[in-house]
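*Asks:*
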Amino acid sequence: MYIQLKDIEKNYGTTPIFSQLSFTLHKGDKIGLVGMNGCGKSTLLQILTGEEGVTKGIVARQKGLRIGYVPQQLPLTEETVRDYLLASFTELGSLRKNLRQLEAKMQDPQADFERVLAHYGKLQEDYEQAGGYTLEDRISGTLKGLGVGDKLDAPLQALSGGQRVRIELARVLTAKTDLLLLDEPTNHLDLAGIQWLESWLAHTQQAYVVISHDRQFLDNVVQQIVEIEPDGLISYPGNYTKYALLKKERIKALQKDYDLQQKEIQRLQLMIRRFRQWANEGDNEDFFRKAKELERRVAKLKALAIKPPENPKKRLQEVTSASRSGKEVLVAKAIGKLAGEKLLFADSSFIIYRQEKIALTGANGSGKSTFLHCLLADSPLDEGTIRLGANVKIGYLPQKLHFSQPNQQILAFVKEQLPDEQKARHKLAQFGFYAEDVSKRIRDLSGGEQMRLYLLGLLQKNINFLILDEPTNHLDIYGKEELEDILASYQETLLVVSHDRYFLQKVARTRMTIADQRITKKEGILK
């Protein structure tokens, strides 16, 4: 047993995050932690590390347990990535320092050379057994796998936030730990980086708990899913796909049991009323006693009844299409684009046809978002032409959301398109914003809430060519599934950029790839 949580409660002020929660982590566990946004997944990881305490309950950890965890607050330092990562290995750092000191002593003619050499040989063995001679190779290989192999000698403070997260991930992956706690490790990785991390996790002997909204990633790396529900943690064997199946079966069984319990409670309550009526009419104590016995049975049934978890309220609505576009939605002829001196793509020709559902894929930095801006006429091509077909009306969801008035209340934002306040409030409720939410400022919304609000505005327009740039970035798994259902029923043309393979397999039937400085289109179901 690595860590055991027993009947823990966690409150922030007077607000409970979870209560009566129990959980045990063992050697070799490969666990995916899931649950809706705000249910306390990250808080639970922080409790496992000891960063967060609990309001009630017991947290027991194995003595000397080594935990690898990427902290919320990332360090800022002038050190290079190489020095920062090497410095985190304190045991090896100490051995390396002693080796350097002995090497200096061996240059001293007054030193006992034989004794110093023997000591040096022993330290070399210790250093080798601790992995010192392969450490830099491991660090370099890990950074390369995570897509930051060229940053080894860069100052840490010069890196972007996403690059620093990958450096921290490299630190915990190369350290000798017993348990890894990974909070959305794929967020800043491209597909190649995600696949490298999947391979790394598949071969490690370490236990790990991973939070991820990437269902394909969970399918490939976990052997158990643990879900945070209002009543505690529910554990399911297998990967995400098996969890989804088992959860449906569990909810179906719970609903059946609950319906039978409610039916039995109603039957007993009817009998109680009859016994009480007979007791009053005949002044018969036996009927009173029978009524009391049945009331105790009803109380026990109510205490034992487990109500199935309710499906979250639907937060997204179907896309409204404009009148149909022409057969050819977009025609690209010999297009090319530079980013500074870097060639992103050139000599690329293709046609997008009406009702095609296309996934635009490529490595980070390959030019996917730039291509979308060229398509939208926000950025000029360096060569070639892009022509939109007849009656094409584009709806675009950018990767980085921008609201012109971030201090605006969300009700006022929606009333710009739906002036009638009652209709605006109704539409907000359809997207998961209720009475207490409508006065919030846009800037105070979470990333997922801003995404829903942006989609609300976008989907009020009559569009027939929907372009989405990383639409799932701020959505929880339920939100992704909801968006998948909407896009599956969308009858017009779709072009979507996403690193979420599970999502793309659900919504796309054609792949367009930017690789080797070309854009190529391939028919067929995305694999």
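In this text, residue positions in the sequence shown follow full-length UniProt numbering: the first is 1, and each later residue adds one. By construction, the Cβ of each residue, glycine as well, lies at the ideal position given by its N, Cα and C atoms.
(1) Let me know the secondary structure DSSP gives Gly497 once reduced to three states.
(2) Which residue's Cα is closest to the Cα of Gln262: Lys56, Ala305, Gly50, Gly64?
(3) Using 10 angstroms around the beta-carbon of Ser94, count the other beta-carbons present and answer buried if the total reaches 16, otherwise exposed.
(4) In the DSSP assignment, the alpha helix (DSSP H) including Leu44 goes from what residue to what residue?
(5) Here's the rule: buried if 16 or more other CB atoms are within 10 angstroms of the residue's CB, otherwise exposed. What is Ser325?
(6) So, with DSSP's three-state summary, where would you put Met451?
(7) Can the beta-carbon of Ile358 be found closer than 9 Å to that of Phe345?
(8) Under a three-way DSSP split, which group does Arg387 fall into?
(9) Report yes or no: do three or more beta-carbon pairs, one from the stretch 168 to 181 and one from the stretch 130 to 149, lie closer than 8 Å?
(10) For Leu179, which residues from the same chain have a beta carbon less than 6 Å from its beta carbon, with the 5 sequence-adjacent residues on both sides left out?
(11) At what residue ranges does the stretch 201 to 272 contain a whole run of the alpha helix (DSSP H), taking only runs of 4 or more?
(12) Please list the terminal residues of the continuous beta strand (DSSP E) segment that includes Lys393.
(13) Identify whether Val59 lies in helix, strand or coil by the three-state DSSP scheme.
(14) Opposite Arg441 in the DSSP bridges: which residues?
(15) Count the other CB atoms within 10 Å of the CB of Gln216; is the residue buried (16 or more) or exposed (fewer)?
(16) Out of Ser235, Glu103, Ala488, Leu123, which one is the CA nearest neighbour of Arg509?
(17) Do you know how far the Cα of Lys97 is from the Cα of Tyr133?
(18) Using three-state DSSP, classify Val54 as helix, strand or coil.
(19) Tell me the DSSP bridge mates of Gln4?
(20) Excluding five sequence neighbours on each side, which residues of the same chain lie with their C-beta closer than 6 Å to the C-beta of Ser379?
(21) Alpha carbon to alpha carbon, how far is Glu9 from Pro16? Give it in angstroms, no decimals.
(22) Give the single residue among Lys290, Gly457, Gly395, Phe431 whose Cα lies nearest to the Cα of Leu270.
(23) Which complete alpha helix (DSSP H) runs does the stretch 75 to 140 hold, if anything under 4 residues is left out?
(24) According to DSSP, is Phe345 helix, strand or coil?
(25) Between Tyr434 and Gly50, what straight-line distance do the alpha-carbon atoms span, to the nearest angstrom?
(26) Compare the Cα-Cα distances from Ala332 to each of Leu301, Gly389, Lys302 and report the closest residue.
(27) Assuming contact is defined by CB atoms lying nearer than 9 Å, are Leu33 and Ile234 in contact in what I supplied?
(28) Whole angstroms are fine: how far does the CA of Glu436 sit from the CA of Arg138?
(29) So if DSSP puts Val34 in a beta bridge, which residue, or which two residues, is it bridged to?
(30) Using beta-carbon positions only, say whether Thr493 and Tyr396 come within less than 9 Å of one another.
(31) Please name the residue in Gln107, Ala192, Pro109, Ala130 whose C-alpha comes closest to that of Gly149.
(32) Where do the ends of the beta strand (DSSP E) carrying Val329 lie?
(33) Cutting at 7 Å between CB atoms, please list the residues of its own chain near Lys27, excluding the five before and the five after it.
*Replies:* Checking against the coordinates, here is how it stands:
(1) In the sequence as displayed, the identity of residue 497 is Val instead of Gly. DSSP places Val497 in the strand class (E or B) of the three-state scheme.
(2) Ala305
(3) exposed
(4) 41 to 49
(5) buried
(6) helix
(7) no
(8) strand
(9) Touching, yes.
(10) Tyr2, Ile67, Ala207
(11) With a minimum length of 4 residues, the continuous alpha helix (DSSP H) runs that stay inside the stretch 201 to 272 are 215 to 221.
(12) Per DSSP, Lys393 belongs to no beta strand (DSSP E) and is neither H nor E.
(13) strand
(14) Gln409
(15) buried
(16) Ala488
(17) 14 Å
(18) In the structure shown, Val54 falls within a coil segment according to DSSP collapsed to helix, strand and coil.
(19) Thr24, Ala60
(20) His373
(21) About 8 Å.
(22) Lys290
(23) 81 to 87, 90 to 105, 113 to 129
(24) strand
(25) One Cα belongs to Tyr434, the other to Gly50, and the distance between them is close to 36 Å.
(26) Gly389
(27) no
(28) Roughly 52 Å separates the two Cα atoms.
(29) DSSP output for Val34 lists Glu227 as bridge partner(s).
(30) With contacts defined by Cβ atoms closer than 9 Å, Thr493 and Tyr396 do not form a contacting pair.
(31) Ala192
(32) Per DSSP, the continuous beta strand (DSSP E) segment holding Val329 begins and ends at 328 to 339.
(33) Tyr2, Ala207
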